[in-house]
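2 protein chains.
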Amino acid sequence: MRAFLLITHRASADGDFTLEDMPGSGGRVDIVVRCITSALLLSHGVRRDTVIYVLFQRGRNSPLLLEVRGAEVRYLRPDERSAGALIRHALIRGGEGLTSPGIYVWRRNLEETLSRLSEMGEITLLAEDGEDVETVDFPENVVFVLSDHLNLTEEEEEIVRKYAKKAVSVGPLSLHSDHVIAIIHNVLDRRQYS
Amino acid sequence: MRAFLLITHRASADGDFTLEDMPGSGGRVDIVVRCITSALLLSHGVRRDTVIYVLFQRGRNSPLLLEVRGAEVRYLRPDERSAGALIRHALIRGGEGLTSPGIYVWRRNLEETLSRLSEMGEITLLAEDGEDVETVDFPENVVFVLSDHLNLTEEEEEIVRKYAKKAVSVGPLSLHSDHVIAIIHNVLDRRQYS
Chain A
174 MRAFLLITHR
184 ASADGDFTLE
194 DMPGSGGRVD
204 IVVRCITSAL
214 LLSHGVRRDT
224 VIYVLFQRGR
234 NSPLLLEVRG
244 AEVRYLRPDE
254 RSAGALIRHA
264 LIRGGEGLTS
274 PGIYVWRRNL
284 EETLSRLSEM
294 GEITLLAEDG
304 EDVETVDFPE
314 NVVFVLSDHL
324 NLTEEEEEIV
334 RKYAKKAVSV
344 GPLSLHSDHV
354 IAIIHNVLDR
364 RQYS
Chain B
174 MRAFLLITHR
184 ASADGDFTLE
194 DMPGSGGRVD
204 IVVRCITSAL
214 LLSHGVRRDT
224 VIYVLFQRGR
234 NSPLLLEVRG
244 AEVRYLRPDE
254 RSAGALIRHA
264 LIRGGEGLTS
274 PGIYVWRRNL
284 EETLSRLSEM
294 GEITLLAEDG
304 EDVETVDFPE
314 NVVFVLSDHL
324 NLTEEEEEIV
334 RKYAKKAVSV
344 GPLSLHSDHV
354 IAIIHNVLDR
364 RQYS
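Just so you know, the sequences run in chain order A and B. Heads up: the first sequence begins at 174 in the working numbering, then just goes up one per residue. Heads up: the second sequence begins at 174 in the working numbering, then just goes up one per residue.
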């Protein structure tokens, strides 16, 4: 099982954004959407072995954890607008649990999230100053933690480092989070399928 | 210099799509947009050493080649909608040449495009049955040719293979074109900056 946890900083848990302006009205929820499609979609299919979690820390309903399971998700398409509509639907519904096939919301903060995820797989922080991913061995079940366009706060980093066994870097340049996910998948795909 | 040439199959050269439905009304122009941002955008900056070309083969104004230069482009943001607006503006403007900073359109078909690009760098086809990219050496100037969500037609493939010195693959699974571009950049970044 591969999992990703995206920690957001300005995106609202309330789903009160418009599809016409996801970056502005959504506090960069466009990044959330691209990370979800990058984590779960192949060219003609879904990565059934992958789950992505997104932590929302702003808004009335925060903290809120969105979970999208590759094995169950339906109606997830690669374009940003339709995936954005699916995410907004999950957020505005409120409550906890299943919101549409494969999509769940939970009332959890960062510490609670990591505590649970650390039972599912080895927590690994994706950080620019981490070890080169190519030189690192991963167990079968691994949970990669990454930030959106902003760095983790000191407090967040302290919590993550408490659970993370490793910090790894995908390369020498600072990349968009969705591209980092695509590269991590590629590294693991090569090892698993080659 | 790194360059990418994306060969599209259903996207219209006329820019007659709506930002509310780029996949449907635009003949999967959402793929074009994501490939452009994936080719040119870093987390907080632009890849000034990269150019992406997109060949449109449908519509009244086709064949049409869109060129976006990292060294010159402005107003290119990572979200699909705003990048889509920039591309639509370039397409509906008509004529040839500069349409906005760093964005050009040219009346060229595949053969004319490859003939010119082969003078700029070594043409390399990205294909699932190609050699493993990790084992391949590239010159400083390289032009990667890839298709959108559809395979190259036999005729297209014949033309590309006439110019391409190599065919390379990024990994064992079939990925979205924008993720392929992110992975190619990562392979080259590691060699160039590490």
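Even for Gly, the Cβ is constructed at its ideal location relative to N, Cα and C.
CB contact below 7 Å: residue i versus chain B
i	result
histidine 262 of chain A	no
aspartate 203 of chain A	yes
aspartate 321 of chain A	no
Presumed contact (8 Å Cβ cut-off) between residue i and residue j, rounded CB distance
i	j	result
leucine 290 of chain B	alanine 176 of chain B	7 Å
valine 369 of chain A	glutamate 304 of chain A	Summary: the structure shown does not reach residue 369 of chain A, with chain A confined to residues 174 through 367, and so no result is reported for it.
valine 278 of chain A	leucine 325 of chain A	22 Å between Cβ atoms; not a contact.
leucine 259 of chain B	tyrosine 248 of chain B	6 Å
histidine 352 of chain B	serine 273 of chain A	Between serine 273 of chain A and histidine 352 of chain B the Cβ distance is about 24 Å, and since that is not below 8 Å, they are no contact.
7 Å Cβ cutoff, residue i in contact with chain A
i	result
glutamate 301 of chain B	no
asparagine 324 of chain B	no
histidine 182 of chain B	no
alanine 355 of chain B	yes
tyrosine 248 of chain B	no
leucine 215 of chain B	yes
aspartate 362 of chain B	yes
Neighbour list for residue i in chain A, Cβ cutoff strictly below 7 Å
i	result
methionine 195 of chain B	Asp252
Contact under 7 Å by Cβ, residue i with residue j
i	j	result
phenylalanine 229 of chain B	alanine 186 of chain B	yes
leucine 192 of chain A	glycine 257 of chain A	yes
leucine 323 of chain A	serine 216 of chain B	no
isoleucine 225 of chain A	valine 241 of chain A	yes
cysteine 208 of chain A	isoleucine 332 of chain A	no
aspartate 203 of chain A	aspartate 252 of chain B	yes
proline 312 of chain A	serine 367 of chain B	no
valine 341 of chain B	valine 316 of chain B	no
leucine 213 of chain A	glycine 188 of chain A	no
threonine 181 of chain A	aspartate 321 of chain A	yes
arginine 261 of chain A	glutamate 269 of chain A	no
leucine 283 of chain A	tyrosine 336 of chain A	no
leucine 271 of chain A	valine 227 of chain A	no
glycine 200 of chain B	arginine 183 of chain B	yes
glycine 267 of chain B	glutamate 245 of chain B	no
glutamate 301 of chain A	lysine 338 of chain A	no
Cross-chain neighbours of residue i in chain A, by beta carbon under 8 Å
i	result
glycine 188 of chain B	The premise fails here: glycine 188 of chain B is roughly 17 Å from chain A at the closest Cβ pair, so nothing lies under 8 Å.
tyrosine 336 of chain B	The premise fails here: tyrosine 336 of chain B is roughly 24 Å from chain A at the closest Cβ pair, so nothing lies under 8 Å.
Listed by chain order, chain B residues near residue i by CB distance under 9 Å
i	result
serine 116 of chain A	Nothing can be reported for residue 116 of chain A, as the shown portion of chain A is limited to 174 through 367.
Beta-carbon neighbours of residue i, restricted to chain B and to distances below 8 Å
i	result
valine 343 of chain A	Asn359
Proximal residues of chain B, C-beta to C-beta of residue i below 7 Å
i	result
serine 367 of chain A	Pro345
Contact with chain E by residue i, beta-carbon distance below 7 Å
i	result
threonine 297 of chain A	Absent from the structure: chain E. Protein chains present are A and B.
Problem set entry | Against chain A: residues of the segment 216-227 of chain B by CB proximity under 7 Å | Ser216 and His217
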